[in-house]
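**Student:** Structure in structure tokens, see below.
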Amino acid sequence: MNRKNISGTKLKWTAALVTAMLLAGSAQTVFAGDTVYVNCDVLRCRSSEEIKDSNIVTNFHYGDKLERVSTNGDWTVVLVNGQKRYVATAYLSASQPAGKASVQNTSSAGNETGASASTASGTEIGLSSGYKYADFSKINSGKAILYKSTADSRKNKTVCVNAGHGTKGGGSVKTLCHPDGTAKVTGGTTSAGATTAVAVSSGMTFADGTAESKVTLAMAKILKDRLLAQGYDVLMIRESDDVQLDNIARTVIANNNADCHIALHWDSTSSNKGCFFMSVPNNASYRAMEPVASHWQQHNKLGEALITGLKGAGNKIFSGGSMEMDLTQTSFSTIPSIDIELGDKASSHSADTLKQLADGLVSGVNSFFGF
Ligand SMILES: [Zn+2]
């Protein structure tokens, strides 16, 4: 978000809305979207009224201009891209602090007021025919979006966040399981022995009737915000219910534009078994086939880092945290690449659960890259 957007947002805070909020009986002091300024060096912008690492959305800086919605004393609600965020009231002032006029003129997005990392505009990236293995893809008219972090300290690493499933028509098209045309070495959605698999399956349905693809998308969006806030650039494969990119296109785009690839899934069992990653099968011919031969150890290392992170954040882990699976994704990946199953049909997918999973995944990514 840039300063212009914030000004635009202000217009939405009509007198009627403020009146409605007052009528709702809130004990808070409600403001008509007035302007306040940050008067400390770095002000944490949080998604809830609590001081903890996991709810930091972005940072504001001295002199930044914010739209105040309400306050309950310690915490002030500000509006960032239409979303209520929380900042400590003590570090706000009603008038512009002295000595920071230059902030108003900065062209650096990183210093922009209210620059929620998640609202940074992204760049579309499609499947280039020049990419290795691009020819194996059958569905590739869609675009992934690359977001650059606007955090103070950038990691200079790009994480591909791939919300599993969500390609209309993907179940009626088949692609090769392996680039060399050999057969799958394990079962799974497609049986062992098959040489082709559905381009993108539709995914399972949770016990409460929610489609897996909806939950993987919600998870991807949370993870994107968290990674951007941490300084990672994020390549989002899918940001709506349908992206026309099959599993090979997703993988090849990631290969060429990211430093690691994390595909988010929930498993089709109903035992609430917990998180695990699909590890590279311990099969001699599979591990000898390129690009698996050159990358399988990195894939497993990424999976192990994510499971350690998930476990550390208090998430349930299934068995040893991994299951051997011959996946199309793995078979075409030339960067550390993993399919992570974050639970199954019986698992909770509440907002709090997804946040806890995000805590674990971010911690795993940090550890994988040595941060
Ligand atoms: Zn899945």
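In this text, residue positions in the sequence shown follow the working numbering: the first is 1, and each later residue adds one.
Ideal Cβ positions, reconstructed from N, Cα and C, are used throughout, including at glycine.
#1: Per DSSP, Ser-322 is paired with what?
#2: Can you list, in chain order, every residue whose CB sits closer than 6 angstroms to a heavy atom of ligand 1?
#3: Considering just the uninterrupted stretch of the alpha helix (DSSP H) at Leu-223, what are its terminal residues?
#4: Buried or exposed for Asp-339, going by 16 or more other Cβ atoms inside 10 Å?
#5: CA-CA distance, Val-280 and Leu-228?
#6: Roughly how many angstroms lie between the CA atoms of Val-252 and Gly-170, to the nearest whole one?
#7: Could you tell me which of Phe-371, Arg-68 and Thr-353 sits nearest to Thr-76, measuring between CA atoms?
#8: Quick check on the burial criterion: 16 or more other C-beta atoms within 10 angstroms. Buried or exposed for Leu-132?
#9: Starting from Lys-311, trace the alpha helix (DSSP H) in both directions and tell me its first and last residue.
#10: Taking 7 angstroms as the limit between beta carbons, can you name the residues of its chain near Val-292, skipping five residues before and five after?
#11: Which residue from Met-323, Phe-206 and Phe-368 puts its Cα closest to that of Asp-344?
#12: Would you mind listing the beta strand (DSSP E) stretches within the segment 35-67 that are 3+ residues and don't spill past its ends, in chain order?
#13: Between the segment 230-245 and the segment 307-320, do at least 3 Cβ pairs fall closer than 8 angstroms?
#14: Note down the Cα distance separating Ser-107 from Phe-371, rounded to an integer number of angstroms.
#15: Could you give the first and the last residue of the continuous beta strand (DSSP E) run that contains Gln-244?
**Tutor:** Let's see:
#1: Phe-277
#2: Gly-164, His-165, Gly-203, Glu-212 and His-265
#3: 212-229
#4: buried
#5: 29 angstroms
#6: 17 angstroms
#7: Arg-68
#8: Checking the displayed sequence, the identity of residue 132 turns out to be Lys instead of Leu. Per the 10 Å Cβ criterion, exposed.
#9: 292-312
#10: Val-280, Tyr-286, Thr-330 and Ser-331
#11: Phe-206
#12: 42-46 and 56-61
#13: no
#14: Residue placement at Ser-107 is poorly supported in this model, since its pLDDT is 30, which falls under 50; the coordinates still yield a value, given next. Roughly 28 angstroms between the two C-alpha positions.
#15: No beta strand (DSSP E) holds Gln-244; DSSP gives it neither H nor E.
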